[in-house]
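Inspection log for the structure reproduced underneath, given as structure tokens.
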Amino acid sequence: MKDNSLSNILNQYESKEQIDGQLYTLNLGPTHPATHGIFQNILTMDGERILHAEQTVGYIHRAFEKISERRNYSQITTLTDRMNYCSAPINNLGWHMTVEKLIGVKVPKRVDYMRVILMELARIGDHLICNGVTGMDSGAITGLTYMFIERERIYDMYEQICGARMTTNMGRIGGFERDFTPKFHELLQDFLKTFPARFKEFCTLLERNRIFMDRTIGTGAISAERALSYGFTGPNLRAAGVDYDVRVAEPYSSYEDFDFIIPVGTSGDTYDRFMVRQQEIWESLKIIKQAYENLPEGPFHADVPDFYLPEKADVYSKMEALIYHFKIVMGETDVPKGEVYHAVEGGNGELGFYLVSDGGRSPYRLHFRRPCFIYYQAYPEMITGSVISDAIVTMCSMNIIAGELDA
Numbered sequence: 001m002k003d004n005s006l007s008n009i010l011n012q013y014e015s016k017e018q019i020d021g022q023l024y025t026l027n028l029g030p031t032h033p034a035t036h037g038i039f040q041n042i043l044t045m046d047g048e049r050i051l052h053a054e055q056t057v058g059y060i061h062r063a064f065e066k067i068s069e070r071r072n073y074s075q076i077t078t079l080t081d082r083m084n085y086c087s088a089p090i091n092n093l094g095w096h097m098t099v100e101k102l103i104g105v106k107v108p109k110r111v112d113y114m115r116v117i118l119m120e121l122a123r124i125g126d127h128l129i130c131n132g133v134t135g136m137d138s139g140a141i142t143g144l145t146y147m148f149i150e151r152e153r154i155y156d157m158y159e160q161i162c163g164a165r166m167t168t169n170m171g172r173i174g175g176f177e178r179d180f181t182p183k184f185h186e187l188l189q190d191f192l193k194t195f196p197a198r199f200k201e202f203c204t205l206l207e208r209n210r211i212f213m214d215r216t217i218g219t220g221a222i223s224a225e226r227a228l229s230y231g232f233t234g235p236n237l238r239a240a241g242v243d244y245d246v247r248v249a250e251p252y253s254s255y256e257d258f259d260f261i262i263p264v265g266t267s268g269d270t271y272d273r274f275m276v277r278q279q280e281i282w283e284s285l286k287i288i289k290q291a292y293e294n295l296p297e298g299p300f301h302a303d304v305p306d307f308y309l310p311e312k313a314d315v316y317s318k319m320e321a322l323i324y325h326f327k328i329v330m331g332e333t334d335v336p337k338g339e340v341y342h343a344v345e346g347g348n349g350e351l352g353f354y355l356v357s358d359g360g361r362s363p364y365r366l367h368f369r370r371p372c373f374i375y376y377q378a379y380p381e382m383i384t385g386s387v388i389s390d391a392i393v394t395m396c397s398m399n400i401i402a403g404e405l406d407a
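Its first residue numbered 1, the sequence shown is counted upward by one per residue in UniProt numbering.
Structure follows, in structure tokens:
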């Protein structure tokens, strides 16, 4: 195996580009606007060339997994949306599906389709920000400002579902706390009608832009073999040519009902990562249209009185409803003993929840499979030998979210 240690690199390196005859160390982060988060990369530099990189994580570690051992199952939802906060509803709904698998609840078909609509809206919002900022890091900020407008339209729809925009706490175990509102229908219909033309402008701005292509093609490349070795999933893996997608490999929430393709790249470089996300936005639009046009009739939550709050009018007038309300809010409901793993296709790849229950009111153990934490291991390998400006655009195209990285 190749020795990539700093001492070995320095021993073998013959520099013709040294500044004052010596190499130097550069701290990229933890507080640096170009890192898009609170994490540090210690770079050994020869001029602009990166000879060695070592990343440091944990600057915003919040011990969510340990906190979960002292919270009831419904309260953990607010922890999940503080991981990848660019697509928080996927985190929320993935957690609810995990608990439903543990307690053996089958949700109505309408809930599945409602979840698909919201998860795909979240995926679009996540990819818009990642690709908009990738363009900004290569010198084109206009596209980002236009795409922020579109993301705000998605957040307007979030508000109709849960009253929040970024840390959403969306949905409930067993479904949703309310059905889609008339205003949500109006906003979604307008989005489906007008977004494609606006997104097309963004595509035209960057996809065949010669400056952007020169900055991104061949930058931060990783092979399919190396990506799989690191445990890549999501757009970063698909950009390397591997067509793995949890929605297809292990369908959940009725994803098997929908017709869509999995975009893949070839070289695993920054441009391929950008283009895979671009194409996934179009595919997400297709899925949303199918789900909305075929939205089933029926209830918007399962019959799970141990987890679903009763109607407020009943709480004020019926003793049984008041008892259930108290038990749910205070976390007085025991769950079955068991061990489950459930994964969803998050904005960055396979977002998994490994849950162990000892039959109590809180998880005995909970582990989040966070895509960012896994593929950030490869970042030093991907930028070694490149220049500092390439390291920045590579980091952005990987969509490293500090909240998901540290958890």
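Every residue gets a Cβ at the ideal spot worked out from N, C-alpha and C, and that includes glycine.
Does the distance from the CB of Thr216 to the CB of Thr142 come in under 8 Å? no
Can you tell me the Cβ-Cβ gap for Ile281 and Glu48, rounded? I've got them flagged as a contact below 8 Å. Wrong, their Cβ atoms sit about 33 Å apart, outside the cutoff.
If the criterion is Cβ atoms closer than 8 Å, does the pair Gly265 and Ala227 meet it? no
If I measure Cβ to Cβ from Arg238 and keep anything under 8 Å in the same chain, skipping five residues before and after, which residues do I get? Tyr244, Asp245, Ile262, Pro263, Val264, Gly265, Val276
Just to confirm before moving on: does the CB-CB distance between Leu51 and Leu28 stay below 8 Å? no
Can you give the Cα-Cα distance for Glu381 and Ser138, rounded to whole angstroms? 21 Å
Quickly, what does DSSP pair Lys337 with across the bridge? List them, please. Asp358
Which value, in whole angstroms, describes the spacing of the CA atoms of Met45 and Leu26? One C-alpha to the other measures close to 7 Å.
How many whole angstroms separate the CB atoms of Pro196 and Leu121, which I take to be in contact at a CB cut-off of 8 Å? The pair is not a contact, with the Cβ atoms about 14 Å apart (cut-off 8 Å).
Roughly how far, in whole angstroms, is the beta-carbon of Met83 from the beta-carbon of Glu345, given that I think they are within contact range, below 8 Å? About 15 Å; that fails the 8 Å criterion.
Closest to Arg110 by CA distance: which of Gly298, Gln278, Gln189 is it? When each option's Cα is compared against that of Arg110, the closest is Gly298.
Separation of Met147 from residue 474, as counted between CA atoms: As shown, the chain starts at 1 and ends at 407. That puts residue 474 outside it, with no answer to give.
If Ser362 and Leu102 are in contact, beta carbons under 8 Å, what's the gap, nearest whole angstrom? Between Leu102 and Ser362 the Cβ distance is about 13 Å, and since that is not below 8 Å, they are no contact.
Report the option in Thr77, Arg365, Asp306, Ala291 whose CA atom is closest to the CA atom of Thr333. Minimum Cα distance to Thr333 is reached at Asp306.
For Ile149, list the residues DSSP reports as bridge partners. Ile149 is not bridged to any residue.
Short check: CB of Phe274 to CB of Gly349, under 8 Å? no
Go ahead and pull the three-state DSSP assignment for Phe368. strand
Straight-line gap, Asn236 to Met119 (C-alpha atoms, nearest Å): Cα to Cα, Asn236 sits roughly 19 Å from Met119.
Answer with buried or exposed for Phe199, where buried requires no fewer than 16 other C-beta atoms within 10 angstroms of its C-beta. Buried is the call here.
In the DSSP output, which residue or residues are listed as bridge partners for Glu293? None; Glu293 has no bridge partner.
Can you give the Cα-Cα distance for Ile154 and Leu144, rounded to whole angstroms? The alpha-carbon atoms of Ile154 and Leu144 are separated by roughly 15 Å.
For Tyr113 and Glu293, I'd like the C-alpha separation in whole angstroms. 10 Å
In terms of residue numbering, what span does the beta strand (DSSP E) encompassing Ala53 cover? 49 to 56
At which residues does the beta strand (DSSP E) containing Asp46 begin and terminate? Here the beta strand (DSSP E) through Asp46 covers 40 to 46.
Secondary structure at Ala164, three-state DSSP: helix, strand or coil? coil
Can you tell me whether DSSP reads His36 as helix, strand or coil? coil
Would you be able to state if there are at least three C-beta pairs under 8 Å between the segment 308 to 315 and the segment 171 to 178? yes
For Ile90 versus Leu351, is the C-beta distance shorter than 8 Å? yes
Straight-line gap, Glu159 to Leu43 (C-alpha atoms, nearest Å): 42 Å
Bounding residues of the beta strand (DSSP E) (the contiguous stretch that carries Tyr379): Note, Tyr379: premise wrong, no beta strand (DSSP E); alpha helix (DSSP H) at 379 to 383.
I'd like to know if Arg361 contacts chain C, where contact means its C-beta is closer than 8 Å to some C-beta of that chain. The structure shown contains no chain C, having only a single protein chain.
Tell me which residue opens and which closes the alpha helix (DSSP H) that Thr25 is part of. Per DSSP, Thr25 belongs to no alpha helix (DSSP H); it is in the beta strand (DSSP E), 24 to 28.
Find out if the Cβ-Cβ distance for the pair Cys86, Ile129 is shorter than 8 Å. The Cβ atoms of Cys86 and Ile129 lie closer than 8 Å to each other.
In its own chain, which residues sit with a C-beta less than 6 Å from the C-beta of Phe260, not counting the 5 before and 5 after it? Glu283, Lys286, Ile287
Would you kindly work out how many angstroms separate the C-alpha atoms of Cys396 and Glu150, rounded to a whole number? 20 Å
Shortest alpha-carbon distance to Met213 belongs to which of Gly104, Ala140, Thr194? Ala140
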